[in-house]
Amino acid sequence: MINDFAVLDRQSLGAIVMSIRNTLFAAAFGIASLTAAHAERLRPIEAKSINLGRISGVAYYTVERDGFRVVATLAQGETGTPFRVVSLLTPGQRLLLSTPQPAGVIEISREGDSVLVRKPNTASN
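Under this note's numbering, the first residue of the sequence shown is numbered 14, with each subsequent residue one higher.
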């Protein structure tokens, strides 16, 4: 200590910088893992249950020449009339299914050769 200031040699400063860098990397990885944990990857022809509150159903996709054809079949309860939503997604596109209920939003998106299903934090109709 010189005049109440710590004297750091080059080795101590390097260790502090490495520690800070490792902490930032770990935090970034943790945040990315939490975000990715909310999205479920879908495989072709694999049905995924969808719950939009009182409306629920299943969604799947098929690989076609012009893109990935996403099909969602939904109904209100067991006695409601089923309806189908069909969309052809190219890379970067998304399909948003929503109802007026607070928890009634599902996003189906295509990222490269993957289709992801997730509940977004906010609705962006």
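Beta carbons: idealized from backbone N, C-alpha and C, even for Gly.
Just so you know, these numbers come straight off a predicted model, no measurement behind them.
>> Is the beta carbon of Arg131 closer than 7 Å to that of Leu101?
In response: Against a cut-off of 7 Å, the Cβ pair of Arg131 and Leu101 comes out as no contact.
> What are the boundary residues of the beta strand (DSSP E) that includes Leu55?
Replying inline: Ala52 to Leu55
> What's the call for Val71, buried or exposed, on a 16-neighbour Cβ count within 10 Å?
Replying inline: exposed
> In whole angstroms, what separates the C-alpha of Pro133 from that of Pro113?
Replying inline: 15 Å
>> So, at 8 Å on beta carbons, what are the nonlocal neighbours of Glu53 in its own chain, with the 5 sequence-adjacent residues on each side left out?
In response: Lys61, Leu129, Val130 and Arg131
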